[in-house]
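Participant: Just so you know, the sequences run in chain order H and Z.
Counting in our numbering, the first sequence tops out at residue 539, every number present.
Counting in our numbering, the second sequence tops out at residue 539, every number present.
Think of the CB as a built atom: it goes at the ideal place given N, C-alpha and C, for glycine as much as any other residue.
Protein chains: 2
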Amino acid sequence: MNTIQIYDTTLRDGTQSEELNLSTEDKLRIATKLDQLGVAYIEGGWPGSNPKDKRFFAEMQQYQLSTARLAAFGSTHAAKVSAENDANLLALIDSGASVLTIFGKTWDIHVTDALKITLERNLELIRDSLAFLRPHAKELFYDAEHFFDGYKKNADYAISCLGTALDSGADLLVLCDTNGGTLPEEIAAIMDAVRTRLPEARLGIHAHNDCELAVANSLAAVRHGAVQVQGTMNGYGERCGNANLCSIIANLELKMGYSCLPEGHLERLTDTSAFVAEVANLRCFKRQPYTGQSAFTHKGGVHVAAVRRNPRTYEHIEPELVGNKQRILLSDLAGQSNILFKAKQYGFELDKGDPFVLELLTELKNREDQGYEYSAAEASYELLVNRVLGRARNYFRLISFRIMDSVFTEGMEPFTEATVMLRVGGMIEHTAATGKGPVNAMDCALRKGLERFYPNLGEMRLLDFKVRVLTGSVREDGHGGTAAVVRVLIESGDQKSRWTTVGVSYNIIEASRQALEDSINYKLFKDDQKKLTQAIREI
Amino acid sequence: MNTIQIYDTTLRDGTQSEELNLSTEDKLRIATKLDQLGVAYIEGGWPGSNPKDKRFFAEMQQYQLSTARLAAFGSTHAAKVSAENDANLLALIDSGASVLTIFGKTWDIHVTDALKITLERNLELIRDSLAFLRPHAKELFYDAEHFFDGYKKNADYAISCLGTALDSGADLLVLCDTNGGTLPEEIAAIMDAVRTRLPEARLGIHAHNDCELAVANSLAAVRHGAVQVQGTMNGYGERCGNANLCSIIANLELKMGYSCLPEGHLERLTDTSAFVAEVANLRCFKRQPYTGQSAFTHKGGVHVAAVRRNPRTYEHIEPELVGNKQRILLSDLAGQSNILFKAKQYGFELDKGDPFVLELLTELKNREDQGYEYSAAEASYELLVNRVLGRARNYFRLISFRIMDSVFTEGMEPFTEATVMLRVGGMIEHTAATGKGPVNAMDCALRKGLERFYPNLGEMRLLDFKVRVLTGSVREDGHGGTAAVVRVLIESGDQKSRWTTVGVSYNIIEASRQALEDSINYKLFKDDQKKLTQAIREI
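#1: Note down, in chain order, every chain H residue with its Cβ under 7 Å from the Cβ of Lys286 of chain Z.
#2: Could you check the C-alpha separation between Val385 of chain H and Asp405 of chain Z for me, to the nearest Å?
#3: Please decide whether Ala432 of chain H counts as near chain Z, where near means a Cβ-Cβ distance under 7 Å.
#4: Given a cut-off of 7 Å on the beta-carbon distance, is the pair Met460 of chain Z and Ser492 of chain Z in contact?
#5: Does Ser218 of chain Z pass the burial test, meaning 16 or more other C-beta atoms within 10 Å, or should it be called exposed?
#6: Using the C-alpha atoms, what's the distance from Pro289 of chain H back to Tyr314 of chain H?
#7: Thinking C-beta only, is Asp26 of chain Z closer than 7 Å to Val279 of chain Z?
#8: Less than 7 Å between CB atoms is the rule here; does Glu459 of chain Z satisfy it with respect to chain H?
#9: So with Cβ pairs under 7 Å, would you call Lys33 of chain H a contact of chain Z?
#10: Could you give the DSSP three-state label for His430 of chain Z: helix, strand or coil?
#11: Please list the segments of the alpha helix (DSSP H) lying wholly inside the region 259 to 338 of chain H, counting only runs of 4 or more residues, in order along the chain.
#12: Could you have a look at Gln5 of chain H and say whether DSSP puts it in helix, strand or coil?
#13: Can you confirm whether Met105 of chain H, when its beta carbon is compared against all beta carbons of chain Z, has any partner nearer than 7 Å?
#14: Does the Cβ-Cβ distance between Thr76 of chain Z and Leu125 of chain Z come in under 7 Å?
#15: Can a CB atom of chain Z be found closer than 7 Å to the CB of Arg239 of chain H?
#16: By the DSSP assignment, the beta strand (DSSP E) with Glu145 of chain Z in it spans what residues?
#17: Looking at chain H, is there any beta carbon in it that lies within less than 7 Å of the beta carbon of Thr552 of chain Z?
#18: Could you give the distance in angstroms between the alpha-carbon of Glu84 of chain H and the alpha-carbon of Gly74 of chain H?
#19: Please list, in chain order, the residues of the region 206 to 234 of chain Z that have any C-beta partner in chain H closer than 7 Å.
#20: So which residues on chain Z does Val174 of chain H lean against when the C-beta distance must stay under 7 Å?
#21: Does the beta carbon of Val322 of chain Z sit closer than 7 Å to a beta carbon anywhere in chain H?
#22: Here's the rule I'm using: 16 or more other beta-carbon atoms within 10 Å means buried, otherwise exposed. How should Glu451 of chain H be labelled?
#23: Tell me which same chain residues have a C-beta within less than 8 Å of the C-beta of Glu538 of chain Z, skipping the five on either side of it?
#24: Would you check if there are 3 or more beta carbon pairs closer than 8 Å linking the region 307 to 326 of chain H to the region 236 to 244 of chain H?
#25: Taking 7 Å as the CB-CB cut-off, is Leu450 of chain H touching chain Z?
#26: Buried or exposed: Arg391 of chain H, going by 16 or more other Cβ atoms within 10 Å of its Cβ?
#27: What residues from chain Z crowd round Val542 of chain H, counting only those whose CB sits closer than 7 Å?
#28: Write down every uninterrupted run of the alpha helix (DSSP H) in the region 42 to 117 of chain H whose length is 4 residues or greater and which is fully enclosed by it, in chain order.
#29: Can you give me the Cβ contacts of Leu130 of chain Z inside the same chain, cut-off strictly under 7 Å, excluding the 5 residues immediately before and after it?
#30: Which chain H residues are close to Glu315 of chain Z, counting only those with a beta carbon under 9 Å from its beta carbon?
#31: Is any beta-carbon of chain B found at less than 7 Å from that of Ala243 of chain H?
#32: Among H:Arg197, H:Leu389 and H:Val222, whose alpha-carbon lies nearest the alpha-carbon of Ala540 of chain H?
#33: Between Glu510 of chain H and chain Z, is there a C-beta pair that is closer than 7 Å?
#34: Which residue or residues does DSSP assign as beta-bridge partners of Phe415 of chain H?
#35: Once DSSP output is grouped into helix, strand and coil, what is the label at Glu491 of chain H?
#36: Near Leu398 of chain H, what residues of its chain come up, given a Cβ to Cβ distance below 8 Å and the 5 sequence neighbours on each side ignored?
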């Protein structure tokens with residue numbers, strides 16, 4: 001099987017993305033994860049351009065990568081100094097990376113107008129930079145910036161840049177579609193032309209997504225002889241992003257018969273994709289091919305019925321191949337068959353026409369009309385199902401509460417206090433707590449009141465808190481934005497699992513209360529279920 | 001110039017998206033907007049499948065579309081009834097749409113396993129359905145579901161489905177890659193094969209994005225003879241979405257020399273894309289090619305310098321061609337050149353090395369470290385610049401405030417009250433207001449206190465309110481989710497413009513206060529600037 005080298009530049013070109021800002025610690029975690037995925041190269045940064053990247057390479061010297069080689073990126077040397085006196089090249093050598101990647105100009109107009117040097121001088125920069133670095137690198141790559149645009153304007157000069165790099169010791173020439181404006185058939189034709197003129201060269205492709213064609217362009221290049229593909233996880237990168245390696249790896253391995261990752265590693269793809277988003281503090285793009293949360297999600301009633309019979313009817317691959325999974329959504333397009341399918345997941349075998357199914361369907365539709373969203377809040381849904389079935393009890397009642405945020409003197413941090421009155425069984429608990437903001441204060445007061453009855457709440461942590469304004473309501477409400485209905489999603493966890501609950505109200509405090517109460521009830525319900533299962537087993 | 005018909009199915013196939021839920025009113029607004037953009041066809045829904053779509057078509061009978069034709073979608077008739085007794089086909093006729101699009105099976109295994117009928121019977125369904133509808137439709141299209149998968153398994157049967165549709169009156173045959181698993185070279189080869197076997201047929205393409213190739217596949221089909229492209233705005237659709245018409249239209253018109261929209265309408269693309277997202281209450285995908293907020297955004301210092309000299313160095317097209325615009329980001333990669341560029345936009349001509357530039361750079365970096373995000377809050381940034389310059393004054397001081405949320409009896413709606421003490425000039429204003437939730441109450445109290453000093457605040461409205469939890473802080477904070485730092489963005493507007501302000505704190509109330517204060521100060525600052533300009537003109 002032919003192997004294609006995957007060259008990941010999430011940590012360098014990816015961070016040019018508007019949204020992607022990574023600390024050195026973030027970069028180390030991502031590098032480790034990419035190594036576990038099994039990419040061939042990890043481009044860690046541009047040590048000559050900023051101290052953060054320099055620190056990253058220093059730290060990486062203590063890491064032993066298992067599959068990947070670490071690459072450092074830099075430009076050809078500055079025109080006014082020689083290669084051996086160029087700080088940027090010296091920083092590359094200092095980086096300790098075994099792979100060095102040098103980018104240079106190949107588009108004539110960039111040489112004369114941006115660098116303001118002669119075409120001949122640019123060839124010298126390429127030659128001297130690579131020759132100087134050659135002894136210091138296990139592998140030396142040349143990134144031909146703007147190659148396709150340059151080739152279209154002045155093919156001979158673009159080729160002579162490549163030829164110079166090759167003669168000066170480059171192991172591989174990477175053709176870059178820097179502005180992302182090239183079409184797949186142009187990529188194919190130019191790849192063919194380059195191979196004709198430089199038959200001995202090994203070629204790579206570096207594509208950007210400005211025409212939504214970066215994946216297609218990368219695959220076209222592979223079909224026309226590229227042995228390396230550069231890109232980023234989730235397609236992060238400046239403007240519209242770099243070529244998305246998640247899609248490229250899956251397409252090459254599952255559709256085109258190439259090998260990119262070590263045997264069996266493809267199923268780590270979805271987890272890696274989500275991990276990078278999480279570390280970067282970016283919400284995952286749900287519709288992302290292969291690895292997205294929606295990639296194998298079915299909503300329409302007709303499709304759900306067909307997919308339940310045979311997943312291949314509306315799924316092009318088995319989601320497990322890339323570590324993803326099938327999801328069936330609850331929504332207003334959902335019919336009874338979705339409800340039955342979901343109920344089965346929670347262990348209830350129900351029949352169509354069961355009055356319980358109809359009651360649940362009505363309750364769900366009402367709540368979805370109000371803005372509840374159960375596809376992202378499975379714990380609230382599970383509680384709802386069990387309540388309608390009469391199988392889940394309320395572990396406490398919140399009789400009254402008051403939350404106060406005060407600033408007494410201009411410029412002071414607010415003081416926040418919550419009081420809650422709870423009934424647990426026949427007992428009344430009345431307590432108060434301060435907190436960092438109103439939701440945190442309520443959370444602290446609730447736990448303080450409940451932990452003496454339910455010590456297992458001590459294991460539980462709130463992990464994430466999301467607020468969404470339901471804009472639909474803004475439009476209809478004369479009071480404007482701040483009176484809009486908000487949906488709060490709270491993610492909680494203990495040592496064993498994580499769950500998400502939902503609340504909806506025009507008042508963020510009230511919406512948070514609903515989600516907090518569900519979260520606590522779910523923890524207690526789940527622990528009770530476990531005890532029950534345990535007890536039954538012991539009989 | 002060759003024309004390609006754009007067939008928009010945002011309102012039908014798009015709503016199969018996990019995230020896209022549209023009311024009838026939403027659908028009417030989007031249809032009007034798509035007509036203004038100038039697509040050839042708007043597929044409004046499946047009137048036989050749900051009452052909401054039926055209502056949409058009834059309403060649409062009162063609209064006069066200027067460019068687009070309205071299409072209604074449905075399936076071939078049910079196997080157990082005849083065409084003239086099929087409720088789904090009758091609903092199509094009732095819809096009043098001038099274009100009817102019928103989908104049917106073309107993959108043999110779907111016929112025998114899903115429909116559970118013979119291959120011959122399926123051909124009858126296609127034939128009878130189309131023949132029955134033919135007299136009722138100005139144009140009649142046949143959507144060949146799973147065509148490419150079907151062709152790969154049983155080419156003869158797939159072709160005979162197409163041939164039957166053609167013979168029964170279909171004006172156009174749409175080849176669907178329903179599961180989105182097909183590669184561009186397969187699309188090309190199969191398009192060629194179909195044209196050889198059915199040379200008289202007009203063909204269309206309907207692609208899905210499961211391999212991140214929907215745009216490439218649509219373009220490949222056009223290159224191989226398709227005259228119609230089906231897709232959705234922003235690529236909405238089930239799983240990974242449909243082919244994104246925004247990218248397809250721009251690529252066809254700007255890169256491939258086809259005409260898709262009326263002359264001059266391409267520049268409406270970005271606005272249409274944002275409008276659909278807004279009505280659907282979905283956040284825009286920033287990195288979306290052509291129409292995304294990041295599509296022509298520059299962050300890296302090197303790129304910014306080059307782009308300021310010549311935009312084409314890092315932009316594949318002029319953003320204005322699709323109604324988008326260039327943005328220069330403030331970020332930790334930004335150097336002085338970005339600050340100078342931004343300052344110029346606000347009318348300050350500053351020099352590199354100006355102590356003001358350095359002060360502003362320091363202030364910005366500090367605030368970005370805390371989580372302030374000025375790329376989405378230009379009004380807060382403009383205020384900051386003017387404050388550092390000593391050109392913006394504070395129109396009021398909030399000396400103290402208190403916000404109280406109370407529920408006295410279980411199950412009651414919370415009662416929210418805000419008190420504020422303000423100093424305006426030498427006067428003290430102490431007042432209180434109730435509101436729908438804490439932020440709304442504070443907003444009401446602030447306006448109540450300020451409107452007697454600044455009556456022009458009466459024109460101002462809060463339009464949107466966004467809360468983002470900065471997850472970075474969640475990880476570092478032992479208290480967990482609800483104590484995380486939050487960033488609040490508030491969008492406000494008056495009759496003339498809209499502006500966005502930002503606040504950051506671990507307390508959502510405090511973050512909202514900052515954004516509200518900025519928003520009010522910005523309105524007053526802007527109106528003062530206008531008066532000043534007016535006064536100068538009158539001298």
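Facilitator: In this structure, then:
#1: Glu18 and Glu19
#2: 30 Å
#3: no
#4: yes
#5: buried
#6: 14 Å
#7: yes
#8: no
#9: no
#10: strand
#11: 269 to 279 and 301 to 309
#12: strand
#13: It is worth fixing the name first, because residue 105 of chain H is Lys in this sequence and not Met. So no, Lys105 of chain H is outside the interface.
#14: yes
#15: yes
#16: Glu139 to Glu145
#17: Chain Z is shown from 1 up to 539; residue 552 of chain Z falls before or after that span and cannot be answered.
#18: 14 Å
#19: Asn209, Asp210, Cys211, Glu212, Leu213, Val215 and Ala216
#20: Within chain Z, no residue comes near Val174 of chain H; the closest Cβ sits about 18 Å away, beyond 7 Å.
#21: no
#22: exposed
#23: none
#24: no
#25: no
#26: exposed
#27: As displayed, chain H neither begins before 1 nor continues past 539, which places residue 542 of chain H out of reach and without an answer.
#28: 51 to 60 and 87 to 94
#29: Ile102, Leu140, Tyr142, Ala165, Ser168, Gly169 and Ala170
#30: Asn179, Gly181, Asp210 and Arg239
#31: Any reference to chain B falls outside this structure, whose protein chains are H and Z.
#32: Because chain H here runs from 1 to 539, residue 540 of chain H falls outside it and cannot be looked at.
#33: yes
#34: H:Ser406
#35: strand
#36: Val420, Met421, Leu422, Leu446, Arg513 and Glu517
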